[in-house]
Amino acid sequence: MYARPDEVRHLHTLGPHGTNLEAASHEWLSRRGIDGTVELHSSIESALEAVPDDGRHALTACAVYPTLHTLVFSNLHRLHMIDSFVMPTHRMVLASSGTPVPATVASHPAPEGLVPEHAEIREVLSNSQAARDCAEGLVEGCVTTIVAAENNGLRVLRDFGPVPMVFTVHQVLTVRPGAREPLTAGSGGAAGTSGATGLAGVTGVAR
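Under our numbering, the residue at position 115 of the sequence shown is numbered 115, and the numbers go up by one with no gaps.
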């Protein structure tokens, strides 16, 4: 498909700050020695809508992202998987703002299996958003990362530890069928988009 992974300098993924995908994005840049940027979005789907298809931008996703298969097969013309790697997540925790047995628990769909059986699940778009909703009193508890729990001043009720996870990197690059060279944004009638906008941007090499 003429994907060019060596040209990627900017990763887009799920925010807010404190998600496993944010950490994985920095890790990928670090492993490749790239002084690149990581931009956070409210969802992987909204990130794809915002990313220019010039080959310098890519999405970071993970193998357990609930709609990854739909995202990939609905965008074969511009979304190209160029890498995958195994990395442990942040420690996953059940946390609350003080309630020892939360009746309502916010969780991203992927780790919902960690929610106690007695609790009502309130689905959110990310682990970090789950922690924010809990801190704001919208729910009594949350399944989140230890980073997001600490950032929001939550009490850890149960620590599940880090989870070995497969993360995937998808270059955003429009390719004309039969062409020898990829189309860049705005050329040849390709459906390019303007500059990416997300919840927050983080610039620099990973830890």
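Glycine included, C-beta positions come from ideal geometry on N, C-alpha and C.
The DSSP-derived three-state label of Asp6 is helix. Note that the C-beta distance between Val172 and Val72 is not below 7 Å.
DSSP links Ser96 through a beta bridge to Gly141 and Arg155. Apart from sequence neighbours up to five positions away, the residues of its chain that approach Arg56 with a beta-carbon distance below 7 Å are Glu7, Val8, Arg9 and His10, ordered along the chain. The criterion of a C-beta distance shorter than 7 Å is not satisfied by Pro109 and Glu120. Counting along the chain, no alpha helix (DSSP H) covers Asp83; the unbroken beta strand (DSSP E) around it starts and ends at Leu79 to Pro88. Shown here for Thr145: same chain residues with a beta carbon closer than 8 Å to its own, the five before and five after excluded, namely Gly18, Thr19, Asn20, Thr89, His90, Arg91, Met92, Val93, Asn127, Ser128 and Ala131 in chain order. Per the coordinates, the alpha-carbon of Gly36 lies some 42 Å from the alpha-carbon of Val101.
The beta-carbon distance between Cys134 and Ser96, rounded to whole angstroms, is 6 Å. This is short enough to meet the 8 Å contact definition.
DSSP links Gln171 through a beta bridge to Ala58 and His80. Note on geometry: alpha-carbon atoms of Gly153 and Val163 lie some 22 Å from one another.
Per DSSP, Glu120 lies in no alpha helix (DSSP H); the unbroken beta strand (DSSP E) holding it starts and ends at Glu120 to Glu123. In its chain, beyond the 5 residues on either side, Val93, Leu94, Ala95, Ile146 and Ala149 have a beta carbon closer than 8 Å to the beta carbon of Val156.
Boundaries around Thr37 are those of the beta strand (DSSP E), Thr37 to His41, since no alpha helix (DSSP H) includes it.
Less than 7 Å separates the beta-carbon of Ser42 from that of Leu125.
Val72 sits in a helix when the DSSP states are folded into three classes. Residues of the same chain with a CB within less than 6 Å of the CB of Leu68, apart from the 5 flanking positions on each side, are Ala61 in chain order.
In this structure, the CA atom of His26 is about 7 Å from the CA atom of Val38. The same chain holds no residue with a CB closer than 6 Å to that of His118 once the five nearest residues on each side in sequence are set aside.
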